[in-house]
Amino acid sequence: PGELLVKHAGPDPHFGFFSGYLKDATATQEAWEGGWFHTGDIVKRNEQGYLHFIDRKKNVIRRSGENISAVEVESVLQQHPAVKSVAVAAVPDAVRGDEVLACIVCATPPDISAMPALARDIVNWGLSRLAYYKVPGYVAFVDTLPLTATNKIQRGQLKAMAPTLIGTPTCIDTCSMKARQDISS
916 PGELLVKHAG PDPHFGFFSG YLKDATATQE AWEGGWFHTG DIVKRNEQGY LHFIDRKKNV
976 IRRSGENISA VEVESVLQQH PAVKSVAVAA VPDAVRGDEV LACIVCATPP DISAMPALAR
1036 DIVNWGLSRL AYYKVPGYVA FVDTLPLTAT NKIQRGQLKA MAPTLIGTPT CIDTCSMKAR
1096 QDISS
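Reading the sequence shown from the start, the letters are residues 916 to 1100 in our numbering.
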């Protein structure tokens, strides 16, 4: 996966694109770095050469050099029977740069004593469907997610909220469950 870069094939690579960001020459220059327009979209090419959208670059979590799509992790965890809604965000990790934190609203709110077992169950669900490094290292049980008026996740609020959840009674550390899986057998 990588960021989608585009330009016009003719002599003017900007032809047919916008002229720039209003009163922000620096942002315009960054968007057109190297003569290519940086879309901010992360894509992956399949065997037939088609590009598939993965996520917005700003929603990608960097963990130990790996790019993790927040949307991909959310779509898998959303399928767990106990999960009503989910949003994932990066939290700082001294060794890996970032770690994945999942904010989970449960279909039936669990008792605080049941949260560790439920968090492990959700992570095991993820481990059976995702690469080990993509599953949450932390599972935080929350009452609500920060949403827009159109029910989209407010990523900025989520990003600010996520680190404050670490160490609270409703945030379960599941980092020890994440290990490379031996798939040779």
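Glycine included, C-beta positions come from ideal geometry on N, C-alpha and C.
Check whether residue i and residue j have beta carbons under 8 Å apart
{"i": "Leu1042", "j": "Ala1017", "result": "no"}
{"i": "Asp1088", "j": "Tyr1053", "result": "yes"}
{"i": "Phe968", "j": "Val975", "result": "no"}
{"i": "Ala1055", "j": "Cys1086", "result": "yes"}
{"i": "Met1092", "j": "Arg1044", "result": "no"}
{"i": "Ser979", "j": "Tyr1048", "result": "yes"}
{"i": "Val1050", "j": "Val1038", "result": "yes"}
{"i": "Ile1019", "j": "Val998", "result": "yes"}
Inter-residue spacing [alpha-carbon to alpha-carbon] between residue i and residue j
{"i": "Gly949", "j": "Leu920", "result": "10 Å"}
{"i": "Pro1031", "j": "Ile1081", "result": "14 Å"}
{"i": "Leu1033", "j": "Val1015", "result": "17 Å"}
{"i": "Val986", "j": "Thr1065", "result": "17 Å"}
{"i": "His923", "j": "Gln963", "result": "23 Å"}
{"i": "His953", "j": "Asn961", "result": "21 Å"}
{"i": "Gln1069", "j": "Ala1077", "result": "12 Å"}
{"i": "Ala1094", "j": "Val1010", "result": "14 Å"}
{"i": "Phe932", "j": "Ala940", "result": "15 Å"}
{"i": "Asp1008", "j": "Ala1029", "result": "26 Å"}
{"i": "Cys1090", "j": "Thr1059", "result": "24 Å"}
Exposure label - residue i; buried when at least 16 CB within 10 Å
{"i": "Pro1084", "result": "exposed"}
{"i": "Val1006", "result": "buried"}
{"i": "His995", "result": "buried"}
{"i": "Pro1101", "result": "This structure gives no information on residue 1101, because the portion of the chain shown stretches from 916 to 1100."}
{"i": "Ser984", "result": "buried"}
Closer than 8 Å to chain B by CB, residue i
{"i": "Ser1043", "result": "Looking at the structure shown, chain B is missing, and only one protein chain is on hand."}
Chain-order list of residues whose beta-carbon lies under 8 Å from that of residue i (same chain, five-residue window excluded)
{"i": "Ser1100", "result": "Confidence at Ser1100 is low in this model, with a pLDDT of 47, below 50, so its placement is unreliable and no value can be given for it."}
6 Å CB neighbourhood of residue i in its chain, flanking five on each side removed
{"i": "Lys972", "result": "Glu918, Gly955, Ile957"}
{"i": "Leu1073", "result": "Ala1002, Ala1004, Pro1061"}
{"i": "Gly1012", "result": "Arg977"}
{"i": "His929", "result": "none"}
{"i": "Leu966", "result": "Val958, Arg960"}
Cβ separation of residue i and residue j, assumed to be a contact under 8 Å, to the nearest whole Å
{"i": "Asn982", "j": "Pro926", "result": "About 34 Å; that fails the 8 Å criterion."}
Cβ shell of residue i (< 7 Å), same chain only, five flanking positions each side left out
{"i": "Thr943", "result": "Gly935, Tyr936"}
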